[in-house]
Every structure is written in C-alpha cells, then in structure tokens.
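Student: Take 44 as the starting number for the sequence shown in our numbering and just add one per residue. Submitted below is the structure of interest, expressed as structure tokens.
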Amino acid sequence: MMMFWIFLIVDLFTIGIFYAVYGGKREYSEGMLMGVHMPRSAAESSEVSGIMKQYRKRTVRFYLWNGIISAVICLLNFWYVSVFIVVWILWLIEICAGAMILLFAAHRKLYDLKVERGWVGSGGSRIMAADTRTSAGAGKMGLSPWWHVLFAALILMPCLIPGIRTFIRTSAEGRILLMTSLAVCLVFAALHAVLRRTRNRVYSEDSGLNTEINRMQKNAWSWALAGCGAFNALGYLYLAGCVENGNWIGSWAYTVYFMLESVPVLFLIGGMVYIRSKRAKLLAADPAPLYIDDDVYWKNGWYSNPNDKRLLVQDWICPWNYTSNMARPAAKVFLVLTVVLVAGILVVTGTMLARFELTPIGLELTQDSVEITSGYSDLTVGYEDIRDVGLREELPDDDYKRVNGGDTDQMLVGRFKGKETGNCRMYIYTEYSPILEITTADGPVYVNSRTDGEAEKWYEEIREMIGKKNQL
44 MMMFWIFLIV DLFTIGIFYA VYGGKREYSE GMLMGVHMPR SAAESSEVSG IMKQYRKRTV
104 RFYLWNGIIS AVICLLNFWY VSVFIVVWIL WLIEICAGAM ILLFAAHRKL YDLKVERGWV
164 GSGGSRIMAA DTRTSAGAGK MGLSPWWHVL FAALILMPCL IPGIRTFIRT SAEGRILLMT
224 SLAVCLVFAA LHAVLRRTRN RVYSEDSGLN TEINRMQKNA WSWALAGCGA FNALGYLYLA
284 GCVENGNWIG SWAYTVYFML ESVPVLFLIG GMVYIRSKRA KLLAADPAPL YIDDDVYWKN
344 GWYSNPNDKR LLVQDWICPW NYTSNMARPA AKVFLVLTVV LVAGILVVTG TMLARFELTP
404 IGLELTQDSV EITSGYSDLT VGYEDIRDVG LREELPDDDY KRVNGGDTDQ MLVGRFKGKE
464 TGNCRMYIYT EYSPILEITT ADGPVYVNSR TDGEAEKWYE EIREMIGKKN QL
C-alpha cells in the first residue's frame with residue numbers, strides 16, 4: 044500500500060513538472076515563439092495561432108491521459124512489484140519521449156512556416172553576434188567553484204572521530220552514506236565549474252547590459268550551487284552526529300537527513316525563477332535588443348551546428364537548461380551510451396526483480412549444513428555454527444533496516460539490521476507464520492514457508508540433525 048501511494052505522488056509530481064516545463068502555454072518572448080524567431084505580427088497571425096491551438100489541445104490531452112495511465116500502473120504494486128517496476132520504467136520513457144515529440148513537432152511546423160513565408164525574425168535579429176567585452180569576462184563571474192572543496196572537507200571531518208571511523212569501516216551503510224555525500228558534492232562542483240565557464244550570451248547591442256545579465260545569471264547559479272553543496276554537507280554532518288552505539292542511525296535521523304538533502308532542489312528552482320524574472324526586467328528596459336536568429340541549427344528541435352565547437356549550449360525550451368550540440372561526435376556518443384544504459388537498466392532491473400519475486404524461498408538439509416535458497420541470495424549454515432533453533436509466531440518487535448536484498452509487502456529477503464537484534468538474515472513471507480529462527484554467531488536467521496506445517500517440519504529436522512552431530 045505504501046509503495047502505491049509513494050509512486051502515485053511521484054508520478055503526479057513528475058507529470059506536473061513535465062507539464063510546467065514542456066507543456067505550458069508558450070508566449071512570444073525575446074523575438075521568438077517556441078524557439079522560432081519571427082516578427083510579432085507573424086506570431087499573432089491566424090496560421091501560427093492555429094498551430095499553437097492544436098499543440099495546446101494535444102498537450103493537455105497527452106498529460107491528462109498520462110495521469111490516468113500512471114495511476115492504473117501504480118495498481119500493479121498490489122500484484123507483482125517486478126512487473127510494476129518494468130511497466131513504470133517503460134511509462135517514464137514514454138512520457139519523456141512523448142513530451143519531446145509533441146514539442147519538437149510543433150517547433151518544426153513553426154520553422155517550416157517561417158521559411159515558407161520568408162519571415163526573417165523581429166527587428167534587431169542577427170544570424171550571429173559577438174561582444175568581445177562581455178566574452179572576456181566569461182569564467183570570472185560568480186563565486187569560485189573551489190568553495191566545494193570546503194564542503195568536501197566538512198563531509199570528511201567526522202572521520203576524525205574514532206566512533207565514526209569504526210562505523211564507516213565496519214558498516215556498509217556508513218560507507219555508502221560517505222561515498223554518496225562526496226559524489227553529490229562532486230556533481231555540484233562540476234556543475235558549478237561548467238556553468239561559470241560557459242560562454243557569455245549576447246542579448247543586446249549594449250555591452251554593459253550584456254555583462255550585467257550574464258553576471259546576474261552566473262552569480263545566481265553559483266550561489267544556488269554553493270547553497271546546494273553546503274546543505275549536502277550539513278545533511279551528512281547531521282547524520283554523522285546521530286550515529287548511536289552499535290552503529291545505529293534511527294528513522295527520524297534519516298527523515299531530517301532527507302529533508303536537508305531536499306533543500307538543494309529549492310535552491311535550484313529558486314535560482315531558475317529569479318534568473319528568469321530578473322532577465323525579463325532587464326531586457327524589457329533595453330532600447331536596442333539583439334536576437335540571434337540561429338533557427339536553422341534548431342529546426343528539428345535539437346541543436347546541430349558543425350561550426351560551433353561548444354558541446355553544451357543553452358536550450359530554447361528552458362532558458363536555464365543546457366543541451367548538447369548534436370553535430371559534435373561526443374554528443375552522439377553520449378546519446379548512444381544513454382540509450383544503451385537505460386535499456387540495460389530496464390533488462391537487469393526486470394530480470395532481478397522477477398527472479399526475486401518468482402523464486403520461492405526454500406530450505407534443505409544436507410549431512411553438514413542447512414541450505415536456504417531464494418531469488419536474491421542463498422545461505423549455507425553449518426550445524427556446528429548453529430547455537431540455537433526455535434519457532435516464533437512473528438519477528439521480534441524491533442526497528443529493522445534493510446542492508447541489502449529486497450523488501451516488499453509480500454517478502455523480506457536479504458541482510459537486515461535491527462536496533463536491538465543487530466545483524467540478521469531474513470527469508471520471510473510477511474503474511475505467513477510460524478517463523479523458524481536459527482541463531483548463529485553472525486546473528487539470527489529467520490525463514491518461513493507458505494506451505495502449512497513446513498516450518499515446523501524444518502525445525503524438527505534441524506534439531507534431529509544437531510542431535511546426531513552432538514552424539515558423534
């Protein structure tokens with residue numbers, strides 16, 4: 044039930060973001076409509092209005108149907124999670140591709156109409172423009188990305204504490220948290236460096252205004268990314284401070300951690316909104332606007348200019364977003380690798396989840412050990428390693444966290460850690476009892492069966508085998 048609601052909320056949130064970015068109402072701005080430069084009179088013509096009306100109608104229908112379909116797909120959580128995940132990934136690919144196809148198709152119609160009618164853009168438009176004064180300042184605007192070195196040092200600072208070092212050395216959870224925080228820090232630093240060094244854009248014949256707009260944008264982005272890095276470090280420092288005896292981090296600590304890690308999203312959204320609003324105000328007061336009519340390189344919706352050496356360029360869909368120059372070999376390689384990676388993830392994820400859910404939990408006794416099999420991992424326990432064996436109606440009342448394996452409404456399989464129980468293994472069907480508990484030096488092992496009486500049978504057989512071994 045929980046997964047149903049989580050994914051339903053995520054789906055609706057995703058659809059809302061896609062609609063706001065790609066499906067929202069397109070206004071004539073900065074001498075262009077939907078990325079196509081044309082005079083305002085052309086943008087208000089009946090032909091263009093008809094194209095925009097048709098695009099608007101198809102877009103609303105597309106996102107409405109995707110909202111309904113996503114809710115239906117979430118119902119698969121009550122059947123097999125493996126089937127749900129595969130279908131959900133396919134749906135995510137569909138909405139990404141569909142949103143782009145709708146947008147690019149309308150963009151191409153407007154471009155073809157522009158070429159057919161001979162529209163040359165609004166007044167002040169140019170094929171290309173350069174501002175040497177503004178270009179000379181590229182890479183010198185905004186905060187330095189070296190601030191992220193400080194944030195990385197803050198993340199590493201808890202390693203000076205012996206207890207934290209022990210937590211990282213002995214716990215996979217500790218290592219994962221540290222490496223994840225450092226990786227996120229590196230991503231923010233890389234984005235900061237790339238955006239700061241991105242070539243300045245020419246907006247006006249006024250060189251001073253160009254410098255002001257580009258400085259404003261890079262200052263906003265650099266402060267936003269510095270804030271992202273700071274809160275990422277703060278989140279890890281808070282979590283490190285919550286490590287309890289026994290290398291345990293409670294659920295509330297993780298809740299606060301995820302809240303702190305979500306703050307960077309607000310910084311990025313706030314930066315986008317601020318840049319858009321501030322730039323519009325500055326350009327509205329410009330008596331000599333300058334528009335770069337490079338539509339021929341965007342005619343298919345994506346950028347392809349063999350004469351441009353840049354790999355990343357500002358996107359026409361979102362002024363704060365960047366896209367690849369598809370005329371560059373590196374962009375094509377990246378696209379192919381992305382497609383292969385997504386296809387690989389789909390195949391591997393579907394195969395692993397199907398194996399996890401469809402392979403039954405089993406237990407067999409050999410002359411020397413107890414062998415437990417499942418769709419995730421198997422376990423062999425020698426009779427000499429068994430300290431005790433018993434039956435219980437349910438798991439001990441404890442706060443468990445999954446270390447690896449799978450955790451669904453129907454099954455618990457893999458390594459888990461309880462606040463009181465400590466490390467343990469579970470091979471459990473959640474709706475069935477009793478549960479066989481095998482106590483070992485490495486922690487308890489819990490296993491049960493969907494077949495009535497089978498867990499009791501395992502219990503008696505294990506006790507019998509241990510008794511025989513003790514008599515030898």
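Beta carbons: idealized from backbone N, C-alpha and C, even for Gly. Predicted model only: the values in this text are computed from it and were never measured.
Ignore the nearest five residues each way along the sequence and tell me which others in Y443's own chain have a CB closer than 6 Å to its CB.
Tutor: Correct list, in chain order: F459 and G461.
Student: Just to confirm, are Y475 and N491 a CB contact at a threshold of 8 Å?
Tutor: A contact, by the Cβ cut-off of 8 Å.
Student: Taking 8 Å as the limit between beta carbons, can you name the residues of its chain near N368, skipping five residues before and five after?
Tutor: Same-chain partners within the cutoff: Y346, S347, N348, D351, R353, L354, L355, V356 and A374.
Student: Is the beta carbon of I509 less than 8 Å from the beta carbon of I429?
Tutor: Yes. Within cutoff.
Student: Relative to the C-alpha of A233, which residue among S187, R398, R99 and T423 is closest?
Tutor: Closest option to A233, Cα to Cα, is S187.
Student: Output the boundary residues of the beta strand (DSSP E) element that contains L280.
Tutor: Counting along the chain, L280 falls outside any beta strand (DSSP E), though it belongs to the alpha helix (DSSP H) covering S250 to G284.
Student: Would a C-beta distance cut-off of 8 Å place E287 and V446 closer than the cut-off?
Tutor: Going by C-beta atoms, E287 is not nearer than 8 Å to V446.
Student: Would you please state the rounded distance, in angstroms, between the beta carbons of A532 and R160? I believe it to be under 8 Å.
Tutor: Nothing can be reported for residue 532, as the shown portion of the chain is limited to 44 through 515.
Student: Quick one: grab the DSSP three-state call for K444.
Tutor: DSSP places K444 in strand when its eight states are reduced to three.
Student: Of all the options A276, D440 and E497, which has the alpha carbon lying nearest to the alpha carbon of F194?
Tutor: With distances taken between Cα atoms, F194 lies closest to A276.
Student: Is the CB-CB distance between I505 and V413 below 8 Å?
Tutor: Cβ atoms of I505 and V413: closer than 8 Å.
Student: Find out if the Cβ-Cβ distance for the pair N109, I138 is shorter than 8 Å.
Tutor: Taking 8 Å as the Cβ cut-off, N109 and I138 qualify as a contacting pair.
Student: Please check the pair G425 and T416, which I expect to be a contact at CB under 8 Å, by giving their CB distance rounded to whole angstroms.
Tutor: Wrong, their Cβ atoms sit about 16 Å apart, outside the cutoff.
Student: Figure out for me which residue from I481, G284, I49 and G293 has the closest Cα to the Cα of R208.
Tutor: For R208, the nearest C-alpha among the options comes from G284.
Student: Which residues does DSSP pair with D431 in a beta bridge?
Tutor: In DSSP, D431 forms a bridge with T482.
Student: In three-state DSSP terms, what is D337?
Tutor: Coil at D337, not helix or strand.
Student: How about R69 and M77: are their beta carbons less than 8 Å apart?
Tutor: Taking 8 Å as the Cβ cut-off, R69 and M77 qualify as a contacting pair.
Student: Have a look at the DSSP bridge pairing and note the partners of Y489.
Tutor: Paired residues: M469 and E480.
Student: Do you know how far the Cα of E87 is from the Cα of G185?
Tutor: Taking the straight line from one Cα to the other gives about 39 Å.
Student: Hey, could you find the ends of the alpha helix (DSSP H) T209 is sitting in?
Tutor: Note, T209: alpha helix (DSSP H), P205 to T213.
Student: What ranges does the alpha helix (DSSP H) occupy inside the segment 54 to 81, keeping only unbroken runs of at least 4 residues that lie completely in it?
Tutor: The qualifying runs do not exist here; there are none.
Student: Are there 16 or more other CB atoms within 10 angstroms of the CB of T223, so buried, or fewer, so exposed?
Tutor: Looking at its Cβ environment, which holds fewer than 16 other Cβ atoms inside 10 Å, T223 is exposed.
Student: On a Cα-Cα basis, can you pick out the residue from R101, V53 and F50 that is closest to L67?
Tutor: The displayed chain sequence assigns Gly, not Leu, to residue 67. Ranking R101, V53 and F50 by Cα distance to G67 puts R101 first.
Student: Pick out whichever of T494, I111, T482 and D450 has its Cα sitting closest to the Cα of S125.
Tutor: Closest by alpha carbon: D450.
Student: Flag this pair as yes or no: are the beta carbons of T464 and D441 separated by less than 8 Å?
Tutor: Contact flag set, yes.
Student: Pick helix, strand or coil for A109, following the three-state DSSP scheme.
Tutor: The identity of residue 109 in the sequence shown is Asn, whereas the question assumes Ala. Three-state result, N109: helix.
Student: Between which two residues does the beta strand (DSSP E) harbouring E414 extend?
Tutor: Counting along the chain, the beta strand (DSSP E) containing E414 begins and ends at S412 to T416.
Student: Of the residues D421, A327, T423 and T473, which one's Cα is nearest the Cα of E437?
Tutor: E437 has its Cα closest to that of T473, out of D421, A327, T423 and T473.
Student: In angstroms, rounded to a whole number, what distance separates the CA positions of N243 and D54?
Tutor: Roughly 36 Å between the two C-alpha positions.
Student: Do you know offhand how far V79's Cα is from L135's?
Tutor: So the two alpha carbons sit approximately 28 Å from each other.
Student: Nearest to Y98 by alpha carbon, out of L118, T57 and G141?
Tutor: Per the Cα distances, G141.
Student: In chain order, what residues of the same chain have a beta carbon less than 7 Å from the beta carbon of E407, not counting five sequence neighbours either side?
Tutor: So the qualifying residues of the chain are E414.
Student: For N364, which residues in the same chain have their Cβ closer than 7 Å to its Cβ, ignoring the five residues on either side in sequence?
Tutor: Closer than 7 Å at Cβ, skipping near neighbours: D358.
Student: What do you get for R371, buried or exposed, if any count of 16 or more other CB atoms within 10 angstroms of its CB means buried?
Tutor: It is buried - the Cβ of R371 has at least 16 other Cβ atoms within 10 Å.
Student: So K157 packs on D338, CB below 8 Å; how close in whole Å?
Tutor: At roughly 7 Å, the Cβ-Cβ gap stays under 8 Å, so K157 and D338 are in contact.
Student: Taking only three categories from DSSP, how would you classify L530?
Tutor: Because residue 530 is not part of the residues shown, which for the chain are 44 to 515, the question remains open.
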